[in-house]
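In what follows, a structure is listed as structure tokens, so that the remarks can point back to it.
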Amino acid sequence: MSVMNQKLENVNNTNTVLHQQLQKLDLLEDISKKLQIFEKNMREMKIEINNMKATQEQQARTLAKEENHHHIIEDRVKSMEQVNTYLENENFELKEQFLRLQKHSMKYNLIFSGIKEQENESKEDTESVIKNFIATELEIRDANTIAFQNVHRLRPRNDGKPINIIARFSQYDDHQRVLRAVPEKLKHKSCYSVQQQYPAEINERRRALVPKLKEFQRARRNARIIYDQLIVDGQPYEPPPRGVPPEQQNVHRLRPRNDGKPINIIARFSQYDDHQRVLRAVPEKLKHKSCYSVQQQYPAEINERRRALVPKLKRVSKGP
């Protein structure tokens, strides 16, 4: 009996051990399932991370491309602005040259104002009227000997005053004699005036200077208008700019340089003759002063072409 009990007890112990082992196997299986789920989640997360990296790289490439495109556009805009500035300068210079040519063609012309028109006045009558005016009002005795290339009246005036007469002298000396007599002989005859003919735009510039001219004259300064320039005490008058941004002024500094050298100055001359006088003086006066340079402004692309020609220029200058 005791043997049977012992065997039953052994069987019970074995069952207990087997049950414990089975419980462990169930736990391992549960852990295995959880690991499989974790590994699946990790794979999905890794795929998502890779997708995010790919998207980020694509966006970075797109951004770099857009940024490069932006720089290209910005460079093109700057180049166009420089070309526009160059064309504006060219247009300004051509316009000034044209005005100077017009002025030269009018060198022998004077405009007479305030002389009443005779009834049925012909061109020959107008010339006689002018000669009579020069003789009586300007008191030039040999007025009848003055020769004219052309004398005629202009368009009727809107203010009802006598129509102006334009006279083109054959001799410049006669033109100057008449003009020199005007200040003294007509100073108390405000109904008359005699003045040099100028292009319309130059007349506008001169009219704009009149208020300042009168201001200086009231201050007993020696002031007069020559061509389109106000001369005060022998010096050209330049009004100081007020509230004008530097880039809109005629003289201003450019952007700071990367090499630490003084910032360049760009100057826009009012008169092309002054521009040329300065430029002609540079080779001789600055040949031993290499710290300075004065040169014509050109668009960036033209500057590149000019720089590319410098080595060839130096070789040619040295000779064989």
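Residue numbers for the sequence shown follow the UniProt record's numbering, beginning at 1 and rising by one. Glycine residues also receive a C-beta, built at the ideal position from the N, C-alpha and C atoms.
Does DSSP put residue i in a helix, a strand or coil?
| i | result |
| --- | --- |
| residue 245 | Residue confidence is low: residue 245 scores 49 on pLDDT, short of 50, so the model does not pin down where it sits. No coordinate-derived value is stated. |
| residue 69 | helix |
| residue 294 | coil |
| residue 120 | coil |
| residue 38 | helix |
| residue 271 | coil |
| residue 304 | helix |
| residue 134 | helix |
| residue 175 | helix |
| residue 310 | helix |
| residue 253 | strand |
| residue 197 | coil |
| residue 236 | strand |
| residue 163 | coil |
| residue 104 | helix |
| residue 263 | coil |
| residue 109 | strand |
| residue 141 | coil |
| residue 150 | strand |
| residue 230 | strand |
| residue 277 | helix |
| residue 155 | coil |
| residue 315 | helix |
| residue 115 | coil |
| residue 221 | coil |
Between the options, which has its C-alpha nearest residue i's C-alpha?
| i | options | result |
| --- | --- | --- |
| residue 159 | 113, 136 and 306 | 113 |
| residue 156 | 125, 284 and 115 | 115 |
| residue 102 | 80, 180 and 202 | 202 |
| residue 274 | 77, 63, 96 and 54 | 96 |
| residue 280 | 268, 270, 294 and 267 | 294 |
| residue 189 | 259, 88, 147 and 133 | 133 |
| residue 94 | 271, 300 and 301 | 271 |
| residue 209 | 310, 197 and 223 | 223 |
| residue 291 | 264, 299 and 303 | 264 |
| residue 136 | 148, 161 and 192 | 192 |
| residue 227 | 200, 250 and 251 | 200 |
| residue 163 | 204, 184, 124 and 117 | 117 |
| residue 268 | 66, 100, 85 and 216 | 85 |
| residue 204 | 69, 99 and 119 | 99 |
| residue 303 | 59, 60, 79 and 238 | 79 |
| residue 266 | 251, 255 and 61 | 251 |
What whole-angstrom Cβ distance do residue i and residue j have, given they're in contact under 8 Å?
| i | j | result |
| --- | --- | --- |
| residue 332 | residue 221 | Coverage of the chain is limited to positions 1 through 320, which leaves residue 332 absent and any answer about it impossible. |
| residue 89 | residue 297 | 7 Å |
| residue 172 | residue 108 | 6 Å |
| residue 325 | residue 195 | Past the boundaries of the shown model lies residue 325; the chain is included only from 1 to 320, so the question cannot be answered. |
| residue 300 | residue 82 | 5 Å |
| residue 127 | residue 148 | 6 Å |
| residue 146 | residue 125 | In fact, because the Cβ distance is near 16 Å, the residues do not count as touching under 8 Å. |
| residue 186 | residue 213 | With 8 Å as the limit, residue 186 and residue 213 do not qualify as a contact, their Cβ atoms being about 18 Å apart. |
| residue 253 | residue 225 | No, residue 253 and residue 225 are not in contact; Cβ-Cβ is about 32 Å, not under 8 Å. |
Using a Cβ-based criterion (distance less than 7 Å to any ligand heavy atom), does residue i qualify as near the ligand GDP?
| i | result |
| --- | --- |
| residue 149 | What this structure holds is no ligand at all, so the ligand GDP is not there to describe. |
Problem - At least three beta-carbon pairs within less than 8 Å, the stretch 146 to 155 to the stretch 165 to 173 - result: yes
Problem - Stretch-stretch touch, CB-based, cutoff 8 Å, three pairs: the stretch 126 to 146 with the stretch 176 to 186 - result: yes
Handout entry: Any 3 or more C-beta pairs closer than 8 Å across the stretch 35 to 49 and the stretch 255 to 269
Key = Flag = no, the stretch 35 to 49 and the stretch 255 to 269 do not touch.
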